[in-house]
Amino acid sequence: MVDDGDVSNSQTTSDLSARTALVLSGGGARGAYQAGVLQGLVEIGCLAAGRSDIGLLVGSSAGAINVGLLGAMADRCAEGVERLVALWSGLTADQVFHTDVFSLGSIGLRWVRDLTFGGLVGRVTGKALLDTTPLRTLIGRQFHGGRIAANVASGALRAVAVAATDLYSGSGVLFVEGAPDLPQWTRAHWSIERTELAVGHFMASSAIPIFFPSVRIGNRHFGDG
Numbered sequence: 008m009v010d011d012g013d014v015s016n017s018q019t020t021s022d023l024s025a026r027t028a029l030v031l032s033g034g035g036a037r038g039a040y041q042a043g044v045l046q047g048l049v050e051i052g053c054l055a056a057g058r059s060d061i062g063l064l065v066g067s068s069a070g071a072i073n074v075g076l077l078g079a080m081a082d083r084c085a086e087g088v089e090r091l092v093a094l095w096s097g098l099t100a101d102q103v104f105h106t107d108v109f110s111l112g113s114i115g116l117r118w119v120r121d122l123t124f125g126g127l128v129g130r131v132t133g134k135a136l137l138d139t140t141p142l143r144t145l146i147g148r149q150f151h152g153g154r155i156a157a158n159v160a161s162g163a164l165r166a167v168a169v170a171a172t173d174l175y176s177g178s179g180v181l182f183v184e185g186a187p188d189l190p191q192w193t194r195a196h197w198s199i200e201r202t203e204l205a206v207g208h209f210m211a212s213s214a215i216p217i218f219f220p221s222v223r224i225g226n227r228h229f230g231d232g
């Protein structure tokens with residue numbers, strides 16, 4: 008967690024929460040580790056059980072999935088962490104991508120066809136080695152649309168930011184849903200885009216190149232942030 012600078016004693020707990028950020032990196036194993044650490048922080052009282060002490064949630068890849076759930080449950084922090092632990096404790100490969108022979112065989116045949124005849128027929132469809140439809144379903148069940156906006160409006164949360172890579176330009180994008188007065192900036196190879204976060208943003212941030220298919224948002228395709 009990052010505390011944004013020094014604060015005076017006159018500032019309220021709400022002020023401190025708004026200035027405190029939790030930044031979660033990518034990596035499947037790290038996602039599970041993050042859930043365990045957060046559970047420990049709740050148990051020892053470093054994180055509030057009710058309304059979250061953290062105003063800014065930033066994540067990439069597996070970390071993006073985690074901050075999405077935490078943002079949706081920012082008004083019930085302990086319950087959100089509990090759900091996060093349950094998610095990672097029970098996660099299996101078939102909840103992330105199709106593991107059946109038919110699905111894997113179909114993808115393999117498409118790659119062979121495209122690599123062999125794609126140039127001749129002018130049609131290429133193979134974009135990834137795995138079908139991540141189960142992951143989209145899993146995120147959809149965990150992520151409650153509108154909950155982040157409600158928590159921002161109530162003051163339980165300042166913003167949730169999800170990192171992804173624009174595969175056309177190679178630049179990074181932070182998709183941000185948060186308070187209207189949040190500053191917006193553009194830096195070398197990075198920019199902020201204000202939006203209402205949806206399942207597609209978390210899928211895009213988790214789209215490992217080659218293995219997972221890219222995700223189209225608007226007229227652009229995005230991959231792992």
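Read the sequence shown against this note's numbering and you will find it ends at 232, with the numbers running on by one and no gaps. We put the CB at the ideal spot given by N, CA and C, even for glycine. Predicted model only: the values in this text are computed from it and were never measured.
Host beta strand (DSSP E) of residue i (start-end)
i    : result
E200 : 197-201
Sheet register partners of residue i (DSSP bridge)
i    : result
R227 : I224
V237 : Residue 237 lies beyond the range of the chain shown here (8 to 232); nothing can be said about it.
Inter-residue Cα distance where the pair is residue i and residue j
i    : j    : result
V49  : T139 : 32 Å
I217 : A156 : 33 Å
G115 : L136 : Only weak support exists for where G115 lies, its pLDDT of 43 falling under 50; the value from the coordinates is given anyway. Going from the Cα of G115 to the Cα of L136 covers about 7 Å.
W192 : A211 : 21 Å
G152 : G47  : 27 Å
I215 : P141 : 15 Å
G87  : G177 : 33 Å
C84  : G33  : 21 Å
A81  : A42  : 15 Å
S198 : G185 : 15 Å
Y175 : Y40  : 32 Å
T132 : V103 : At T132, the pLDDT of 44 sits below 50, so the modelled position is not reliable and the matter cannot be decided from this model.
D7   : L204 : Nothing in the structure corresponds to residue 7, since the chain is present only between 8 and 232.
I224 : E200 : 12 Å
R227 : G75  : 22 Å
S161 : R154 : 11 Å
G52  : L145 : 30 Å
D10  : T202 : Only weak support is given to the placement of D10: the predicted model assigns it a pLDDT of 48, under 50, and the value that follows is read from those uncertain coordinates. Computed Cα separation, rounded: 25 Å.
L64  : A166 : 6 Å
P220 : A69  : 15 Å
R26  : L189 : 12 Å
S213 : A79  : 18 Å
H196 : L31  : 20 Å
F150 : G179 : 23 Å
W95  : L54  : 20 Å
Boundaries of the alpha helix (DSSP H) in which residue i is found, first to last residue
i   : result
A36 : 35-50
L94 : 84-96
Supposed close pair residue i, residue j - CB separation, criterion 8 Å
i    : j    : result
S67  : G230 : Going by Cβ atoms, the distance from S67 to G230 rounds to 11 Å, so no, they are not a contact pair.
R58  : A163 : 5 Å
G207 : V222 : 5 Å
I72  : L29  : Between L29 and I72 the Cβ distance is about 14 Å, and since that is not below 8 Å, they are no contact.
Practice prompt. Go through the segment 134-219 residue by residue and report every complete run of the alpha helix (DSSP H) that reaches 4 residues or more, in order.
Written response: 140-149, 154-161, 206-212
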